[in-house]
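*Asks:* Please read through the structure below; I'll follow up with questions.
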Amino acid sequence: MTSTTVVRKEPFQTLDRPDDCLKWTKALQAKYENKGKVWEGAADFDQILGGYTACTDMPCAVFALELIQAYPEAKVILNERPVDDWYKSAIRRCWAKANLHYFRNDMERNAKQIYKEHGALVKGAAPPGRFLAFNPSQGWGPLCKFLGQPIPKEDFPHGNFAQEFHDRIEKALRPRYHRGFCKLGIYLTLAAIGTWIFMLR
1 MTSTTVVRKE PFQTLDRPDD CLKWTKALQA KYENKGKVWE GAADFDQILG
51 GYTACTDMPC AVFALELIQA YPEAKVILNE RPVDDWYKSA IRRCWAKANL
101 HYFRNDMERN AKQIYKEHGA LVKGAAPPGR FLAFNPSQGW GPLCKFLGQP
151 IPKEDFPHGN FAQEFHDRIE KALRPRYHRG FCKLGIYLTL AAIGTWIFML
201 R
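The sequence shown finishes on residue 201 if you use my numbering, and the numbering steps up by one all the way, no holes.
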C-alpha cells in the first residue's frame, strides 16, 4: 500500500533484507493474531528500521499509527494516488499476511474503502507541522520543501510503477528459487541413486 512514509535516517529495501520479512511477519502476527508481544514503540520497530531514513509501502502502512506514535519527531507523508491506480498495483502485491488481515480477508472487495480509511487515519494521527499530503504528479517541489532539501537535478522518479515493482520482486526471488531447484535436483538424484542401488540387490 503506497500510502505512508515515515522519514528518519536512510532508506531501506525489504527485498534486499529477507530477514526483515520474518520480523515483519512476527509483528503482524502479534497485531492481528495475538501471538507474541505487540510492537508499539521505537525499541520494537528499531529492530528493522533503526539506522534508516524512511519506510514506505507494505507492511509499514499496516503500522502507520504505531510508527507515528513510535517516532513523534518524524515527518509523515501521505501519498495520495488515485484510488483506482493504487488498486491496480496493490491487488498484485505479495504481502499475503498483511493483506489477509488488513483488508479484512477480502482484498478485492475491501481494498478501496480501506485505502480511504487509511488516508483519514494518517491525516488524523500525524503531528501538526509534520504532515504532507503528496501526489507524485506534483514532482519534487512540495516534497523537497517539506523535507527541507534542495530540488535534485534529476527528473522525479517513478520507480513504483506496477511492472517495475513486480520485475524487482521477480529479480529478488529468483536466487531463492534457483537454490530451491538445486536442492530439489540433489534430492531427486540421491533418490534415483538409492533406487538404482536397491534394484542391483
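Just so you know, even glycine gets a beta-carbon here, dropped at the ideal spot from N, CA and C. All values derive from a computational prediction rather than experimental measurement.
Suppose only complete runs of 4+ residues qualify. What are the alpha helix (DSSP H) ranges in the segment 104–151, listed by chain order?
*Replies:* DSSP runs (the alpha helix (DSSP H)) wholly in the segment 104–151: 107–125, 140–147.
*Asks:* Measuring alpha carbon to alpha carbon, tell me which of Ala111, His101, Lys75 ends up nearest lysine 145.
*Replies:* Locating residue 145 in the sequence shown gives position 145, where the first residue counts as 1. Of the listed residues, the one whose Cα sits closest to lysine 145 is Lys75.
*Asks:* If you draw a straight line from the alpha carbon of glutamate 117 to that of isoleucine 151, how long is it in whole angstroms?
*Replies:* As a position in the sequence shown, residue 117 is number 117, starting the count at 1. As a position in the sequence shown, residue 151 is number 151, starting the count at 1. Cα-Cα distance, rounded: 32 Å.
*Asks:* Just to confirm, are asparagine 135 and glutamate 80 a CB contact at a threshold of 7 Å?
*Replies:* Walking along the sequence shown from the start, residue 135 turns up at place 135. Walking along the sequence shown from the start, residue 80 turns up at place 80. Yes, Cβ-Cβ distance for asparagine 135 and glutamate 80 is below 7 Å.
*Asks:* Let me know the secondary structure DSSP gives valine 62 once reduced to three states.
*Replies:* Taking the sequence shown and counting its residues from 1, the one referred to as residue 62 is at position 62. Helix.
*Asks:* According to DSSP, simplified to helix, strand and coil, what is lysine 35?
*Replies:* Taking the sequence shown and counting its residues from 1, one reaches residue 35 at position 35. Three-state DSSP puts lysine 35 in coil, outside helix and strand.
*Asks:* Since tyrosine 87 is in the alpha helix (DSSP H), which residue starts that stretch and which ends it?
*Replies:* Within the sequence shown, numbered from 1, the residue matching residue 87 stands at position 87. Taken as a continuous stretch (DSSP letters only), the alpha helix (DSSP H) holding tyrosine 87 covers 83–90.
*Asks:* Using the C-alpha atoms, what's the distance from tryptophan 140 back to lysine 31?
*Replies:* Stepping through the sequence shown from its first residue, residue 31 is reached at position 31. Stepping through the sequence shown from its first residue, residue 140 is reached at position 140. Computed Cα separation, rounded: 35 Å.
*Asks:* Looking at C-beta atoms only, is the number of pairs between the segment 104–115 and the segment 52–62 that lie closer than 8 Å three or more?
*Replies:* Short answer: they don't touch.
*Asks:* Among Ala70, Met58, Asp57, which one has its Cα closest to the Cα of valine 38?
*Replies:* By 1-based counting over the sequence shown, the position of residue 38 is 38. Closest by alpha carbon: Ala70.
*Asks:* From glutamine 138 to aspartate 57, what does the alpha carbon distance come to, in whole angstroms?
*Replies:* Indexing the sequence shown from 1 puts residue 138 at position 138. Indexing the sequence shown from 1 puts residue 57 at position 57. So the two alpha carbons sit approximately 19 Å from each other.
*Asks:* Candidates Leu132, Glu154, Ala64: which alpha carbon is nearest glycine 148's?
*Replies:* Residue 148 sits at position 148 when you count from the first residue of the sequence shown. Glycine 148 has its Cα closest to that of Leu132, out of Leu132, Glu154, Ala64.
*Asks:* The alpha helix (DSSP H) with aspartate 46 in it runs from where to where?
*Replies:* Within the sequence shown, the letter at position 46 stands for residue 46. Element bounds for aspartate 46: 42–49.
*Asks:* Sorted by chain position, which residues of the same chain lie with C-beta nearer than 6 Å to alanine 27's C-beta, five sequence neighbours on each side aside?
*Replies:* Within the sequence shown, numbered from 1, the residue matching residue 27 stands at position 27. Trp39.
*Asks:* How would you label isoleucine 91, buried or exposed, when you count the other beta carbons within 10 angstroms and need 16 or more for buried?
*Replies:* Here residue 91 refers to the residue found at position 91 when the sequence shown is read from its first residue. Looking at its Cβ environment, which holds fewer than 16 other Cβ atoms inside 10 Å, isoleucine 91 is exposed.
*Asks:* Tell me the rounded alpha-carbon separation between proline 18 and cysteine 60.
*Replies:* The residue you call residue 18 lines up with position 18 of the sequence shown. The residue you call residue 60 lines up with position 60 of the sequence shown. Rounded to whole angstroms, proline 18 to cysteine 60 spans 15 Å at the Cα level.
*Asks:* Using the beta-carbon count (16 or more within 10 Å), is alanine 111 buried or exposed?
*Replies:* Taking the first residue of the sequence shown as position 1, residue 111 is located at position 111. It is buried - the Cβ of alanine 111 has at least 16 other Cβ atoms within 10 Å.
*Asks:* Between the alpha carbons of proline 157 and tryptophan 86, how many angstroms are there, rounded?
*Replies:* Position 157 of the sequence shown, counted from the start, is the residue given in the question as residue 157. Position 86 of the sequence shown, counted from the start, is the residue given in the question as residue 86. Their backbone Cα atoms lie some 17 Å apart in a straight line.
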